[in-house]
Amino acid sequence: MTPAASTARFEGKVAVVTGGASGIGLQIVRRLVADGARVMIGDLDADAMAAVGGELGDAVAGVATDVGREADVEALVAAAVDWAGPLDLGFNCAGAVKDGLLVDLDVEDWDRVMGVTARGVFLSIKHEARQMIRQGTPGALVTITSINSVTPVHGVTVYNAAKAAAAMVVQNAALELGEHGIRSNAIAPGLIATPMTEYMRSIPAVMDAYMEYAPLGRTGEVDDVASAALFLASDEASWITGVNLLVDGGHRTVGYPNLTKLFEGLGAPADGGA
Ligand SMILES: NC(=O)c1ccc[n+]([C@@H]2O[C@H](COP(=O)([O-])OP(=O)(O)OC[C@H]3O[C@@H](n4cnc5c(N)ncnc54)[C@H](O)[C@@H]3O)[C@@H](O)[C@H]2O)c1
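So the mapping is simple: my numbering equals the position in the sequence shown, first residue as 1, plus 5.
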C-alpha cells in the first residue's frame, strides 16, 4: 500500500516570525509548527514568547526583538540560523498603531508607528533576504500589511501610511529578490479578532457600523489570515510574488451605497429607472 502523502508541508523548514507572540503572528507560528517547521519568534514581549514556548515546546524559540532596531533584527535572523539551520521562511507580522486625526497627530507618534510598521518590515525583509542570498537557497517572505495599506480610514493616518509603505517594500523586494529565488508577498487583512482590535470590537455601535461593510457577515479570525499566509509561503504559490492579498471578507468591495434597497422603498423600478 502506498503511504499517504504527508500533510506536513513545511517539514524541516526553518522560519522567523516577527510579532509571533500574539494574535495573527501567534496563529502563524502554531500552524507552521503543526506543519513541521521550526520557528524562531522575534517579539518585544518576552513573557508572551515564553508562554508560546510552553505551549509548543522545542519546535519554537524566541529572541526579544524590536523590529525597528536593525541590530535586533540582524541578531534575530542569526539566532534562527544558529538554532535550526538555513532560513527558509520569513513572516513579518509585528506592527503598531496609533489612533488620532491627522491634525492632532504628534510627530513622535508618527515616528514610532512608522518605526515599527514600515521600517520594521524593511529591516525584517532586508535581513531575512540577505541570509537567504548568503545561503544560496530559495525562500519565501510573507508580510502582514492591512486593508489600510490601500484604503484611507478616519483617525489612523500614520498606520495607513506605514502600511502603504510596507506594501511597497514587499513589492520592491519581489522585484529585486526574484533572481535569487526569493518570493515576497503580503496579506492585507480586514478586521481580525486579536488583542489589537479588542477595544474596537467591544463597542456594539462600532461593530454595527463595520457590519455594513462586511459582505460575508462576520469579522475575520486569525486562522483566516494564517491559512492565506501559509499558502503564500508554500510551494503551491511558487509563481506568486509581489501581491498584497486582501483577506477581508469582501470589505473593500463595499465602496458605494446599496441604492437598490432605497429604490425598492420608493416603489421605483429595480434598475433605478435607467
Ligand atoms: N487585527 C487586525 O484586525 C489587523 C488587521 C490588519 C492588519 N493587522 C496587522 O497584523 C499584524 C498583527 O497584528 P495583531 O492584530 O495580531 O496584533 P497583536 O497585538 O495581537 O500582536 C502584535 C504582536 O507584535 C508585537 N510587537 C509590537 N511591536 C513590536 C516591535 N517593535 N518589535 C517586535 N514585536 C512587536 C507585540 O508584542 C505582539 O506580540 C500587525 O502588523 C497589524 O498591524 C491586524
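For each residue, glycine too, the CB sits at the ideal point set by N, CA and C.
Limits of the unbroken beta strand (DSSP E) element including residue i
i    : result
N165 : No beta strand (DSSP E) contains N165, which is instead part of the alpha helix (DSSP H) from 162-182.
L196 : Premise fails: L196 is in no beta strand (DSSP E) and is neither H nor E.
Beta carbon of residue i nearer than 8 Å to that of residue j
i    : j    : result
A145 : R188 : yes
G90  : S129 : no
L37  : A20  : yes
N177 : N165 : no
I245 : P194 : no
Residue of the options minimising C-alpha distance to residue i
i    : options              : result
M119 : A99, A56, A134, Q136 : A99
A76  : L61, L267, K131      : K131
N97  : V86, I152, A83, V78  : V78
A198 : G28, V21, A66, K18   : G28
R139 : K103, V126, G186     : G186
K103 : V161, G17, E203      : V161
Buried versus exposed, by CB contacts within 10 Å (16 or more), residue i
i    : result
I208 : exposed
M54  : buried
S151 : buried
M6   : Reliability fails at M6, whose pLDDT of 46 lies under 50, so the model's placement of it is uncertain and no value is given.
H256 : buried
M205 : exposed
Residue i - DSSP class collapsed to helix/strand/coil
i    : result
R188 : strand
M6   : Reliability of the predicted coordinates at M6 is poor, the pLDDT of 46 falling under 50, and no value is obtained from them.
F268 : helix
R43  : strand
G25  : coil
Range of the contiguous alpha helix (DSSP H) that encloses residue i
i    : result
V121 : 112-122
I245 : Element bounds for I245: n/a, residue is neither H nor E.
L81  : 75-89
G105 : Element bounds for G105: n/a, residue is neither H nor E.
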